[in-house]
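To start, the structure under review is shown below, and the notes come after it.
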Amino acid sequence: MWNIIGILFVSACIFIIEALLLLKHKLWKDFIVFIIFLFLGTGLSIARCINFPIPNPIELLTWIYQPLSEAVNKIFQ
Numbered sequence: 007m008w009n010i011i012g013i014l015f016v017s018a019c020i021f022i023i024e025a026l027l028l029l030k031h032k033l034w035k036d037f038i039v040f041i042i043f044l045f046l047g048t049g050l051s052i053a054r055c056i057n058f059p060i061p062n063p064i065e066l067l068t069w070i071y072q073p074l075s076e077a078v079n080k081i082f083q
């Protein structure tokens with residue numbers, strides 16, 4: 007529980023510091039990208055903290071390229 011509170015506290019501090027600078031300079035696109043990555047990082051950190059199974063990105067790449075690899079192997083054998 008304290009881990010989640012710590013993650014939220016650190017995320018809130020990062021948001022306050024960075025968001026004020028981005029809004030002050032009216033960098034709206036940068037602000038939107040910052041919000042997306044901050045929420046994504048915070049969500050993944052909390053999920054990892056509660057032992058939620060987070061898949062490895064290489065598994066997605068393997069799933070995508072496995073049929074292509076098999077087709078190429080069939081051609082060159």
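Numbering (this note's numbering), first residue to last: 7 to 83. For glycine and all other residues, C-beta sits at the position ideal for the given N, C-alpha and C. Quantities reported herein were computed from a predicted structural model and do not represent experimental measurements.
Apart from sequence neighbours up to five positions away, the residues of its chain that approach F40 with a beta-carbon distance below 8 Å are E24, A25, L28, ordered along the chain. In this chain, the alpha helix (DSSP H) harbouring P73 covers 63-81. The criterion of a C-beta distance shorter than 8 Å is satisfied by L44 and I20. If you check the CB distance, I13 and S51 come in under 8 Å.
If you look at F58, you'll find it isn't in any alpha helix (DSSP H); DSSP assigns it neither H nor E. Between S17 and T48, the C-beta gap is smaller than 8 Å, which places the two residues in contact.
Measuring C-alpha to C-alpha distances from M7 to each of P61, T68, P59, R54 identifies R54 as the nearest.
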